[in-house]
Structure formats: structure tokens, C-alpha cells
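Worksheet for the structure shown next.
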Amino acid sequence: MRRQVSQNGLTVNFIAGTHVVFFGIDLAKDQHKEFLGFGFKRHDHVEGEITWLRGFKTFEMTEPHPAPGESFSTQ
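In the working numbering, each residue carries its 1-based index in the sequence shown increased by 49.
As C-alpha cells, this is what we get:
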């Protein structure tokens, strides 16, 4: 599944596969100054659980020297 959504200067493209979802995020230049970061959470509608997802990318401001292979909460 492929989809693109745009709202208030933010555009998100995503491609959903069998096991992963690839996100492409674009923020209008005039929005950069107020941008503090982003996070992804998964809502399991069957169990009613919400989980913040983890990833390998982080901001230098929050983790200046990440170890290779270390994962971080996106919250």
C-alpha cells in the first residue's frame, strides 16, 4: 500500500510492506524553526495497547554519540 498525506506544511509518504512501513517525511522550510521532533506509536485495536516504536535514528541534541546498532524510543 502506498499513500501520501499533506497537512499544514507537513507531507508524509509511506509504503507498507508485509513486515515494515517505510516513511518519507517532508516539512516546509517555514515550519523548521518550531519543529522539535517526531515519534511513532502503534495502537493495537484488538488488545487496546499503545506502544511507542523504536528506531535507529536519533537527533544529535538528544543522543550526541549513539553506539552502532543501538535503538531508541521515538517518544
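Glycine residues also receive a C-beta, built at the ideal position from the N, C-alpha and C atoms.
Can you give the Cα-Cα distance for residue i and residue j, rounded to whole angstroms?
| i | j | result |
| --- | --- | --- |
| tryptophan 101 | alanine 77 | 25 angstroms |
| phenylalanine 63 | glutamate 83 | 24 angstroms |
| valine 54 | glycine 118 | 31 angstroms |
| valine 69 | methionine 50 | 11 angstroms |
| valine 88 | leucine 59 | A quick correction: the sequence has glycine, not valine, at residue 88. For glycine 88 and leucine 59, the distance between alpha carbons rounds to 14 angstroms. |
| arginine 52 | threonine 67 | 15 angstroms |
For residue i, list the residues DSSP reports as bridge partners.
| i | result |
| --- | --- |
| glutamate 98 | Asp93 |
| leucine 59 | Gln56 and Leu76 |
When DSSP labels each residue in this structure, what does residue i get in the three-state scheme?
| i | result |
| --- | --- |
| glutamine 53 | strand |
Roughly how far, in whole angstroms, is the beta-carbon of residue i from the beta-carbon of residue j, given that I think they are within contact range, below 8 angstroms?
| i | j | result |
| --- | --- | --- |
| serine 120 | phenylalanine 105 | 6 angstroms |
message = Closer than 8 angstroms is the cut-off here; do at least three beta carbon pairs connect the stretch 56-76 with the stretch 105-116?
response = no
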